[in-house]
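K.L.:
Number of protein chains: 2
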Amino acid sequence: MTRESPPAPDAGAFSRRVPAGDERERLVCDACGFVVYENPKVVVGAVCAQEDRILLCRRAIPPRRGFWTIPAGYLELNETTGQGAARETREEARAEIEIETLLAVYNVPRISQVQVIYAARLLSTTVSPGPESLAVDLVPWERIPWDEIAFPSVHWALRHYREYASGGPFATRANPPGEWGDY
Amino acid sequence: MTRESPPAPDAGAFSRRVPAGDERERLVCDACGFVVYENPKVVVGAVCAQEDRILLCRRAIPPRRGFWTIPAGYLELNETTGQGAARETREEARAEIEIETLLAVYNVPRISQVQVIYAARLLSTTVSPGPESLAVDLVPWERIPWDEIAFPSVHWALRHYREYASGGPFATRANPPGEWGDY
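Heads up: the protein sequence lines correspond to chains A and B, in order.
Per the numbering used here, the first sequence runs over residues 1 to 183.
Per the numbering used here, the second sequence runs over residues 1 to 183.
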């Protein structure tokens with residue numbers, strides 16, 4: 001993750017009201033009527049493997065500082081989801097990847113996130129922590145620190161990657177039944 | 001589509017500059033330093049079928065007014081992608097759907113869009129135009145008006161739906177090679 005969502009800019013000259021022709025409350029400038037459309041954000045990430053080891057990053061920033069995650073963060077303007085996943089891997093683990101397949105699309109509606117997660121092959125032979133990581137590691141499945149994983153969707157992605165890597169036909173995954181990423 | 005993206009709110013008291021600790025230009029309030037993070041938006045939609053006929057909507061709003069599309073529009077806050085696709089179908093064609101599978105995730109980086117498109121079954125026996133549609137129709141494959149389709153990604157979605165509906169194992173699709181949705 002690059003950062004948290006900013007607080008809604010409603011402390012100043014904006015009010016929440018329903019603009020003409022709309023059906024929902026929006027942030028509207030009290031002075032000029034400019035409407036700020038707030039929409040969910042896209043998080044992009046990748047489960048990156050080198051043979052049977054998976055890249056994990058120990059978060060140096062909140063939320064969940066000190067817990068382990070996969071490289072992931074907010075998609076930037078004019079970027080594709082694959083480019084974003086590769087950029088996050090570069091920023092957080094100083095590593096290059098090759099995207100293999102679309103692993104999953106997860107929804108976390110409570111925090112208005114859509115997560116687009118790829119399965120990828122690590123091209124770099126070494127990895128090292130970027131500024132948002134305390135440490136990075138290449139971990140075999142048996143050594144994944146399940147109790148120290150940062151977010152529910154990281155659990156899902158690792159399990160879904162395991163299914164993908166076991167071979168055979170693979171269909172892009174969604175949230176496990178009944179799970180929405182709430183703590 | 002519900003609406004166009006708003007113009008960037010940079011006409012007033014905001015400047016584009018790189019905040020401390022960031023690597024990109026952001027919209028920053030000249031008065032208080034509040035940072036507006038602009039990110040890509042998620043478009044959700046569905047190819048909705050009733051037996052061998054596909055639901056198309058003739059757009060009543062720009063862009064591409066008068067051209068045909070599938071129900072699609074911007075995902076709203078606290079909504080899942082599946083819920084959003086169902087809502088857009090309700091708004092644009094007064095129809096209920098059951099989601100069958102994740103058909104495709106398309107990127108249109110020029111306009112910072114990620115499109116999450118489902119294959120769905122129409123539950124309603126009748127359809128009728130909502131305020132954003134001039135007309136709606138249930139069209140067999142042979143009668144799809146290919147020259148009057150609103151957007152490249154609608155072409156892709158219809159073709160990918162055809163592949164899905166032909167049976168056999170199906171993997172969620174992405175952009176056709178080399179195509180990014182630019183006109």
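For glycine and all other residues, C-beta sits at the position ideal for the given N, C-alpha and C.
Just to confirm the assignment, what range does the alpha helix (DSSP H) spanning S153 of chain B have?
P.N.:
Numbered from its first residue, the second sequence carries residue 153 of chain B at position 153. 152-165 is the span of the alpha helix (DSSP H), which, as asked, contains S153 of chain B.
K.L.:
Using the beta-carbon count (16 or more within 10 Å), is P71 of chain A buried or exposed?
P.N.:
On the first sequence, residue 71 of chain A is found 71 positions in, with the first residue counted as 1. Flag for P71 of chain A reads buried.
K.L.:
Helix or strand or just coil, what does DSSP make of W146 of chain B?
P.N.:
Taking the first residue of the second sequence as 1, we reach residue 146 of chain B at position 146. Correct three-state label for W146 of chain B: helix.
K.L.:
From the DSSP output, in three-state form, read off W68 of chain A for me.
P.N.:
On the first sequence, position 68 is the one that residue 68 of chain A refers to. In this structure, W68 of chain A counts as strand in the three-state DSSP scheme.
K.L.:
Identify the residues that DSSP records as bridge partners of I97 of chain B: which are they?
P.N.:
As a first step, residue 97 of chain B must be located in the second sequence, where it is residue number 97. Note: I97 of chain B sits in a beta bridge opposite B:L122.
K.L.:
Using only the alpha-carbon positions, how far apart do V35 of chain A and R24 of chain A sit?
P.N.:
Here residue 35 of chain A refers to the residue found at position 35 of the first sequence. Here residue 24 of chain A refers to the residue found at position 24 of the first sequence. Their Cα atoms are separated by approximately 12 Å.
K.L.:
Under a three-way DSSP split, which group does W180 of chain A fall into?
P.N.:
For this step, residue 180 of chain A is matched to residue 180 along the first sequence. The answer is coil: DSSP assigns W180 of chain A none of H, G, I, E or B.
K.L.:
So, with DSSP's three-state summary, where would you put R24 of chain B?
P.N.:
Walking along the second sequence from the start, residue 24 of chain B turns up at place 24. The answer is coil: DSSP assigns R24 of chain B none of H, G, I, E or B.
K.L.:
I need the DSSP call for I61 of chain A, collapsed to helix, strand or coil.
P.N.:
Within the first sequence, numbered from 1, the residue matching residue 61 of chain A stands at position 61. If DSSP states are grouped into helix, strand and coil, I61 of chain A belongs with coil.
K.L.:
Does any CB atom of chain A fall closer than 8 Å to the CB of E76 of chain B?
P.N.:
In the second sequence, counting from the first residue as 1, residue 76 of chain B sits at position 76. So yes, E76 of chain B belongs to the interface.
K.L.:
Can you name, in chain order, every residue of its own chain whose Cβ lies under 6 Å from the Cβ of F14 of chain A, other than the five neighbours on each side?
P.N.:
Numbered from its first residue, the first sequence carries residue 14 of chain A at position 14. So the qualifying residues of the chain are L27, C29.
K.L.:
So, is S5 of chain B buried or exposed, given that buried needs 16 or more other C-beta atoms within 10 angstroms?
P.N.:
The residue given as residue 5 of chain B occupies position 5 in the second sequence. Model confidence at S5 of chain B stands at a pLDDT of 43, short of 50, so the residue's coordinates are unreliable; what they give is reported in the following sentence. Label assigned to S5 of chain B: exposed.
K.L.:
DSSP three-state call for G33 of chain A: helix, strand or coil?
P.N.:
Numbered from its first residue, the first sequence carries residue 33 of chain A at position 33. Reduced to three states, the DSSP call for G33 of chain A is coil.
K.L.:
Quick check on the burial criterion: 16 or more other C-beta atoms within 10 angstroms. Buried or exposed for P145 of chain B?
P.N.:
Here residue 145 of chain B refers to the residue found at position 145 of the second sequence. The residue in question, P145 of chain B, is exposed, as its Cβ has fewer than 16 Cβ neighbours within 10 Å.
K.L.:
Give the C-beta separation of E100 of chain B and R87 of chain B to the nearest angstrom, bearing in mind that I take them to be a contact with Cβ-Cβ under 8 Å.
P.N.:
By one-based count along the second sequence, residue 100 of chain B stands at place 100. By one-based count along the second sequence, residue 87 of chain B stands at place 87. 17 Å between Cβ atoms; not a contact.
K.L.:
According to DSSP, what are the bridge partners of S15 of chain B?
P.N.:
For the purposes of this step, residue 15 of chain B is identified with residue 15 of the second sequence, where counting begins at 1. S15 of chain B pairs with B:V28.
K.L.:
So who's on the other strand from N107 of chain A, going by DSSP bridges?
P.N.:
Numbered from its first residue, the first sequence carries residue 107 of chain A at position 107. BP columns for N107 of chain A point to A:V114.
K.L.:
Can the beta-carbon of T89 of chain A be found closer than 8 Å to that of V116 of chain A?
P.N.:
Taking the first residue of the first sequence as 1, we reach residue 89 of chain A at position 89. Taking the first residue of the first sequence as 1, we reach residue 116 of chain A at position 116. Result no, Cβ atoms of T89 of chain A and V116 of chain A do not sit closer than 8 Å.
K.L.:
With a cut-off of 8 Å, do at least 3 Cβ pairs link the region 128-135 of chain B to the region 150-167 of chain B?
P.N.:
As far as the Cβ criterion goes, the region 128-135 of chain B does not touch the region 150-167 of chain B, which means the pair count is below three.
K.L.:
Strictly under 8 Å for the Cβ-Cβ distance: is P169 of chain B near chain A by that measure?
P.N.:
What you label residue 169 of chain B is simply residue 169 of the second sequence in a count that begins at 1. With 8 Å as the cut-off, P169 of chain B counts as an interface residue toward chain A.
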